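In our numbering, the protein residues as written are 39 to 424. Don't be surprised by glycine CBs; every beta carbon is placed ideally from N, CA and C. Since the structure is predicted, the reported quantities are computational estimates derived from the model, not experimental observations. Report on one structure; see the data block that follows.
Structure, rendered in structure tokens:
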């Protein structure tokens, strides 16, 4: 696809006049977010590729200095190695196919593997040997995160101790990992998990190469969340309090990617307080429904209906429907948009860099395949690019 760059979202609308959804990438914002994390986190930063695997996003983060990547599948490992031959990938999915393990080892030389069960440890060492680092992923308490990942993955205290001892006994290097859940607004969740990791490390009594404190760092979707520095401060303090003198790793995804992308959708029909748009729950806007998140939105007027002044009046609450024939293709979350909005106008959904373009389907023939870059920063990562 030919790379096209724009100076503003308004220019995208004016030049393309798109009747199709457009995924907007802001490389300068992505680089700024990565720089803040790289300079603030007291350890090594791994970008979680699953959050947004788009090449524009990956290249922007790499340009900012990200050299380590949390990869959960063989295609993600392959993509990172093809784009950035000097990058370091960690196979951080707790359940891996044997064929994927074989290729990860033979083709890409991956040295870091996550496990949370003895059967997975057996599988990994059988397929790739023991000259590796085995990260034992531990469960964390259910907290306030939007997505509770420990309901699916994570070893208990006793199982984690046994896994660490077993991996060490086989000759593997050992490490500990956890994930407090995606979009976690509570910095203290990291302290609780780090205390648990310290207890497990002490009980296992084996060398711990590093502690991977995972992802979960939140961004603002309507309701304010603590600044990222608050999470870094808690992590630093917990490291001191629990004598965790090993190196730290982190796996941010949302915190690096979310604010650096938008989705530009068009209104195709208005029925009173209902708007039918050309992206929805099966497309790049899926996470609005899955997490019941409310990203910032703004309307951009179609020139055929008059200038932007037409949308400068009072706002009202609208219900949004996606483009497919499925009656499930609607959002539980309602949005406040100008009362004068109508067919042909566009809606920009901000902070849509996380779990968006990487999760979309081609259901019913609707698919976003237009990705453009918009240069420049905007005030406080809020709308202001017109």
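Does DSSP classify residue i as helix, strand or coil?
i           : result
residue 204 : helix
residue 131 : coil
residue 195 : helix
residue 283 : coil
residue 398 : coil
residue 295 : helix
residue 370 : coil
residue 65  : helix
residue 212 : strand
residue 308 : strand
residue 411 : strand
residue 233 : helix
residue 319 : coil
residue 100 : helix
residue 288 : strand
residue 143 : helix
residue 341 : helix
residue 271 : helix
residue 91  : coil
residue 60  : strand
residue 353 : strand
residue 113 : helix
residue 418 : Its pLDDT being 36, under 50, residue 418 is placed unreliably in this model, and the coordinates cannot settle the point.
residue 52  : helix
residue 161 : helix
residue 137 : helix
residue 244 : coil
residue 228 : helix
residue 330 : coil
residue 381 : coil
residue 72  : helix
residue 392 : coil
Just checking my contact of residue i with residue j at CB under 8 Å: how many whole Å lie between their CB atoms?
i           : j           : result
residue 325 : residue 394 : 6 Å
residue 110 : residue 126 : The Cβ separation is near 15 Å, so there is no contact.
residue 299 : residue 59  : Not really, about 12 Å apart at Cβ, beyond 8 Å.
residue 76  : residue 103 : 5 Å
residue 192 : residue 177 : 3 Å
residue 367 : residue 329 : About 17 Å; that fails the 8 Å criterion.
residue 381 : residue 308 : 6 Å
residue 71  : residue 294 : 5 Å
residue 98  : residue 62  : Rounded, the Cβ-Cβ distance is 13 Å, inconsistent with contact.
What does residue i pair with, by DSSP beta-bridge criteria?
i           : result
residue 106 : 84 and 126
residue 77  : DSSP, once it has assigned bridges, lists no residue as partnering residue 77.
residue 387 : 301 and 335
residue 261 : 259
residue 175 : 215
residue 190 : In the DSSP output, where bridge partners are listed per residue, residue 190 has none listed.
residue 313 : 308 and 358
residue 43  : 411
residue 150 : 171
residue 250 : 215 and 287
residue 376 : 353
Give me the residue from the options with the minimum Cα distance to residue i.
i           : options               : result
residue 351 : 362, 307 and 378      : 378
residue 33  : 396, 383 and 362      : Given that the chain is displayed from residue 39 to residue 424, the structure contains no residue 33 and the question cannot be resolved.
residue 372 : 312, 382, 402 and 320 : 312
residue 246 : 263, 295, 215 and 356 : 215
residue 154 : 175, 76 and 317       : 175
residue 94  : 135, 343 and 118      : 118
residue 228 : 274, 285 and 209      : 274
residue 341 : 55, 210 and 177       : 55
residue 189 : 249, 220 and 84       : 220
residue 256 : 242, 357 and 224      : 224
residue 248 : 195, 261, 212 and 231 : 212
residue 112 : 88, 370 and 374       : 88
residue 230 : 180, 309 and 198      : 180
residue 145 : 164, 124, 134 and 115 : 115
residue 283 : 309, 232, 316 and 306 : 232
residue 291 : 409, 396 and 158      : 396
residue 138 : 165, 123 and 156      : 165
residue 159 : 186, 123, 349 and 208 : 208
residue 369 : 375, 327 and 380      : 327
residue 197 : 279, 43 and 234       : 234
residue 364 : 69, 289, 406 and 320  : 320
residue 210 : 47, 172, 194 and 222  : 172
residue 243 : 206, 218 and 266      : 206
Could one say the Cβ of residue i lies closer than 9 Å to chain D's Cβ atoms, at least one of them?
i           : result
residue 412 : No chain D appears in the structure shown, which is made up of a single protein chain.
Original post:
So does the region 197–209 actually touch the region 140–150, counting three or more Cβ pairs closer than 8 Å?
Top reply: no
Original post:
Any chance the region 374–391 sits against the region 335–345, with 3 or more Cβ pairs inside 8 Å?
Top reply: yes
Subject >> Inter-stretch contact (C-beta, 8 Å, three-pair minimum) for the region 236–246 and the region 255–274 >> reply: no
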